[in-house]
Amino acid sequence: MSNFNQFGFKRFLNFGLAELNFVEPTIVQEKVMPLLLKHQNVICKAHTGTGKTFAFCLPILNNINYEQVKIQAIIVTPTRELAKQIYDNIRFFKKFEPNLQVNYFIGGEDIKRQIKQLQRTQPHIIIATPTRLKDSFEQQSLNLGKLTTFIIDECDMLFDLGFIENVDYILSKVNSNVQVSVFSATIPHELKPFLIKYLKNPHYLDLNANQLTNQNITHILIPTKHQERETILLKLLKTFDPYLCLIFVNKKTDINKYYDLLLEHNYSVAQLHAGLEPRLRTKVVKRIRNLEYKYVIASDIAARGIDFIGVSHVISIDLPNDLEYYTHRSGRTGRANYTGYSYVLYDTKNLTLVQQLISKGITFKTKKWNQQGELVETVISIDKSKKHSSLVVDNEINKIIHRYKTKDNNKKVKPGYKKKRKAEIDEFKKQVRRSHIKESIKRIKKEKAKERATKLFDKD
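Positions 1 to 460 (the numbering used here) are the ones given, in order, by the sequence shown.
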């Protein structure tokens, strides 16, 4: 069995690891740390919760020259909360190495105060969000002459949020011999020109496979059929008592709706989304970690990268269009050999997404309520042989026809009912066409982003 002694860390790190009760490294740590300790460049695909933060923090702390009070390592993150989280992890070791100087620079805080801090003391390690890092550099408050390591965490999210250009700006100003390593849940094709530009002979590690087949996570489908998702959610929450339950929605507007719903039914609930004022968001994260809430309604972006200990249940009100986010969601539970449950509310409209997850290797159980009101396991066949978009349309049209038949059963047929039925079917078909147009626009935007990224990071 491997342990942390094999890495030959400095004594103060071993003391810190002992206090944290860290004995056996995770797979990510075991693969990544030997490379970073040797100042080699790494591209690591790994999800949140795999131990990747310590995988790059420990080698940085080991390689720092503490007699030289200069910036020697920069860690860039997409969100303020993640930057603060990494800062806290590193600062913990200051009790074992008093000379350690570390600071974080994020949006939402007084930039003048932060620049004064930099003018007084250049810390060994800086953790920063991209825009604040660029602003600090432009204010000539960063001395990067002794920089040896540059880490980009959650790189795909940086790209999605449009921050990668700021990272490109900073990297273009540093010495070409600086060790550059990237940690990301996915490596979009559009990122490759950037990686080619800045990472010389990188070691590529894809450590995501284990996440999809985590035996500690039970994936459960809950068909909504004709019921409102709010009704299904309230029924579902009565079936378990969580340690901490994260409830994910796709739209920010839905967060308030479900937050108000749970408050109305006396649940201990918080909301977490990018629209929260920074100080409030920090306060909410702290209270969640202190287990002051049992339920959290969250958006994917706001919760990405934030590590909440003890998540026992995850609920997806809708499946995300980018299925990688489902892996982020479900991967927040079932950690440290604890069991976890990931529920997905679905209907015929997003059954295609379910099929795609199954094809990626995720095994789902299906549960529904029986006549006695109990949530029981059942078998629902997901037919992969039919062209699914047509199947969904046919099913919805059949529902409309059936509804009109039910209305007219044992009643005198009302004049114009056929016209009303046809109008409703036509309206549904129009919605389907709009959906197809939106998908086409999304695809075109993605292609343009790819073309733009290629031009931006073209080596020539």
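Glycine included, C-beta positions come from ideal geometry on N, C-alpha and C.
**Request:** Would you kindly report the start and end of the unbroken alpha helix (DSSP H) that includes T363?
**Result:** Going by DSSP, T363 is part of no alpha helix (DSSP H) at all; its letter is neither H nor E.
**Prompt:** Would you report the Cα separation of K342 and E154, rounded to the nearest angstrom?
**Reply:** The residue you asked about is not Lys; residue 342 is Ser in the sequence shown. Inter-residue distance for S342 and E154 is about 22 Å (C-alpha atoms, whole angstroms).
**Prompt:** What's the C-alpha gap between I71 and Q356?
**Reply:** So the two alpha carbons sit approximately 45 Å from each other.
**Request:** Spatial neighbours of S385 within its chain, please: CB distance less than 7 Å, with the 5 preceding and 5 following residues excluded, ordered by chain position.
**Result:** Unreliable positioning characterises S385 in this predicted model, as indicated by a pLDDT of 44, which lies under 50. The coordinate reading is nonetheless provided below. Within its own chain, no residue has a Cβ closer than 7 Å to the Cβ of S385 once the five positions on either side in sequence are excluded.
**Message:** Is it buried or exposed, R11, if we count other Cβ atoms within 10 angstroms and call 16 or more buried?
**Reply:** Counting Cβ neighbours within 10 Å, R11 comes out exposed, since fewer than 16 surround it.
**Item:** Proximal residues to F92 (C-beta, below 8 Å), its chain only, five neighbours per side dropped
**Value:** In chain order, G16 and L20 place their CB closer than 8 Å to the CB of F92, counting only its own chain and leaving out the 5 sequence neighbours on each side.
**Request:** Would you kindly check if the distance between the Cβ of R281 and the Cβ of F308 is under 8 Å?
**Result:** No. Outside cutoff.
**Request:** Determine the direct distance from the alpha carbon of D241 to that of N89, and round the result to whole angstroms.
**Result:** Note on geometry: alpha-carbon atoms of N89 and D241 lie some 30 Å from one another.
**Asked** Just curious, the beta strand (DSSP E) that Q179 is in, first and last residue?
**Response** Start and end: Q179 to S184.
**Request:** Counting only the same chain and skipping the five closest in sequence on each side, list residues whose C-beta sits under 7 Å from that of I255.
**Result:** The answer, listed in chain order, is V249, Q271, H273, I297 and S299.
**Prompt:** Going straight from the alpha carbon of P98 to that of R132, what length do you get?
**Reply:** Near 27 Å, if we compare the C-alpha coordinates of R132 and P98.
**Prompt:** Thinking C-beta only, is Y104 closer than 8 Å to K84?
**Reply:** Yes, Cβ-Cβ distance for K84 and Y104 is below 8 Å.
**Request:** Could you tell me if N3 is buried or exposed, where buried requires 16 or more neighbouring beta carbons within 10 angstroms of its beta carbon?
**Result:** It counts as exposed.
**Prompt:** Between the C-alpha atoms of T239 and K368, what's the straight-line distance to the nearest angstrom?
**Reply:** One alpha carbon belongs to T239, the other to K368, and they sit about 12 Å apart.
**Whole-angstrom distance between R421 and L375, CA atom to CA atom** = Those two C-alpha atoms are separated by around 35 Å.
**Request:** For the beta strand (DSSP E) containing G16, list its first residue and its last residue.
**Result:** First-last for G16: R11 to E19, but that is the alpha helix (DSSP H), not the beta strand (DSSP E).
**Prompt:** So what's L441 in DSSP terms, helix, strand or just coil?
**Reply:** A quick correction: the sequence has Ile, not Leu, at residue 441. Residue state, collapsed to three classes: helix.
**Item:** Cutoff 6 Å; reference A73; Cβ partners in own chain excluding five residues on either side
**Value:** Hits under 6 Å: I60, I125 and T149.
**Request:** Leaving out five residues on either side along the sequence, give the residues of the same chain with a beta carbon under 7 Å from the beta carbon of N143.
**Result:** Correct list, in chain order: K70, I71 and Q122.
**Prompt:** Which partner residues does L345 have in the DSSP bridge list?
**Reply:** Bridge pairing for L345: I222 [DSSP].
**Environment of H189 [buried if 16+ CB atoms lie within 10 Å]** = Counting Cβ neighbours within 10 Å, H189 comes out exposed, since fewer than 16 surround it.
**Message:** Please state whether the Cβ-Cβ distance between L246 and R332 is less than 8 Å.
**Reply:** Yes, the pair counts as a contact, with Cβ atoms nearer than the cut-off.
**Message:** With the cut-off set at 8 Å, would you say E292 and L261 are in Cβ contact?
**Reply:** The Cβ-Cβ distance between E292 and L261 does not fall below 8 Å.
**Request:** Write down the C-beta distance between G51 and T77 rounded to the nearest angstrom, noting that I regard them as a contact closer than 8 Å.
**Result:** About 16 Å; that fails the 8 Å criterion.
**Asked** Helix, strand or coil: how does DSSP classify Y295 here?
**Response** Looking at Y295 - three-state DSSP - the assignment turns out to be strand.
**Item:** Residue interval of the alpha helix (DSSP H) (run including V28)
**Value:** Going by DSSP, V28 is part of the alpha helix (DSSP H) stretching over I27 to L37.
**Request:** Assuming Y87 contacts L221 (C-beta within less than 8 Å), just tell me the rounded distance between them.
**Result:** Contact between Y87 and L221 does not hold, since the beta-carbon distance rounds to 39 Å and is not under 8 Å.
**Request:** Check each candidate in L13, Q372, A18 and N337 and name the one with the smallest Cα separation from W215.
**Result:** The sequence shown places Gln at residue 215, not Trp. The shortest Cα separation from Q215 among L13, Q372, A18 and N337 belongs to N337.
**Coil, strand or helix - S136 by DSSP** = In the structure shown, S136 sits in a helix (DSSP, three-state: H, G or I).
**Prompt:** Along the chain, where does the beta strand (DSSP E) that runs through E377 open and close?
**Reply:** It spans L375 to T378 - the beta strand (DSSP E) in which E377 sits, taken as one unbroken run.
**Asked** If you count every other CB in all the chains shown that lies within 10 Å of the CB of Y204, and 16 or more means buried, which is it?
**Response** A residue is called buried once 16 or more other Cβ atoms fall within 10 Å of its Cβ, and Y204, having fewer, is exposed.
**Asked** On the premise that L82 lies in contact with I232, defined as a C-beta separation below 8 Å, what is that separation, rounded to the nearest angstrom?
**Response** Beta-carbon to beta-carbon, I232 and L82 are separated by about 32 Å, too far to satisfy the 8 Å threshold.
**Asked** If you draw a straight line from the alpha carbon of Y243 to that of G310, how long is it in whole angstroms?
**Response** About 6 Å.
**Prompt:** For G373, is the classification buried or exposed, using 16 other Cβ atoms within 10 angstroms of its Cβ as the cut-off for buried?
**Reply:** When all chains shown are included, G373 counts as exposed.
**Message:** With a threshold of 6 Å on Cβ separation, who are the neighbours of D318 within its own chain once the five nearest residues in sequence on each side are excluded?
**Reply:** Leaving aside the five residues that flank D318 on each side, the residues in its chain whose CB is nearer than 6 Å to its CB run, in chain order, N250.
**Asked** From what residue to what residue does the beta strand (DSSP E) around D153 run?
**Response** Note, D153: beta strand (DSSP E), T149 to D153.
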